[in-house]
Amino acid sequence: MAKKKKNLFENFANWATAATGSSAAFIIAMSTIVVWLVTGPVFKYSDTWQLIINTGTTIVTFLMVFLIQKSQNKDSKAIHLKLNEILASHQGASNRMVDIENLTEKELDQLHKFYVRLSELAEKEDDLTCTHSIDAADDNHETKQSGYKSKPHYQHAFKNRSKASK
C-alpha cells in the first residue's frame, strides 16, 4: 500500500497508545506512586498531598479514555473490513453479513436466532464437514444430508460407527 499521510492527532494517538501500553510506562506509573507514598510523611499526609495524586490520576485517566477509544475505533474498523473481505470472497458466505455492525439490536437478535437454528441442525448431522448458509438453512440441511449420505466416505464412517456402538 502507498504510504499514508496521517494527521497530527492520529500520529500522537498512535504514539501515545504504544507508549502508555509499554513496560516503561508501567514502571514510571509505579515509581510515581512510590514517590508519592514516600513523600507522605514529609507533607504529613495533608489534604494537598492527597489532592496531588487524585488530580494527577484523574487527568491521566480522563485523557487516556479518549486515546483508548480512538485506538479501539480504528482497530474495530480494521477488523470489520477484514471480515467483510472474507465474507465477500467466500462463495458460500451470506453477503447480508457485510456491514452487519450497523443493524439494530433487535435485528442482531433475529440473526442470532437463525444461527441458533443452524446450530440445532448441525447437532443432528453425522458429518462434521457439513455446513449451512443462513439464507437457506433448512433446505441446505436436507440437500446436504441426502448428498452426504450417498457418498462412500459417509457410508464407510456410518458403518464403522454402527460397528463400534455394538
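Be aware that the sequence shown starts at 1455, since it is given in the numbering used here, and climbs by one per residue. Don't be surprised by glycine CBs; every beta carbon is placed ideally from N, CA and C. Please read these numbers as outputs of a predicted model, since none were measured by experiment.
Ordered along the chain, which non-local residues of its own chain (more than five positions away) have a Cβ less than 6 Å from that of residue i?
i	result
M1551	L1541
N1465	none
Flag this pair as yes or no: are the beta carbons of residue i and residue j separated by less than 9 Å?
i	j	result
W1503	W1490	yes
L1537	A1467	no
L1565	L1557	yes
I1487	I1507	yes
If you reduce the DSSP assignment to three classes, tell me which class residue i lands in.
i	result
Y1499	coil
H1534	helix
S1548	coil
K1528	helix
T1493	helix
G1510	helix
N1461	coil
Y1569	helix
T1515	helix
K1560	helix
Quick one: what's got a C-beta closer than 8 Å to residue i's C-beta in the same chain, skipping five residues either side?
i	result
T1493	W1503
Discussion item. Count Cβ pairs between the segment 1531-1539 and the segment 1463-1479 that sit closer than 8 Å; are there 3 or more?
Written reply: no
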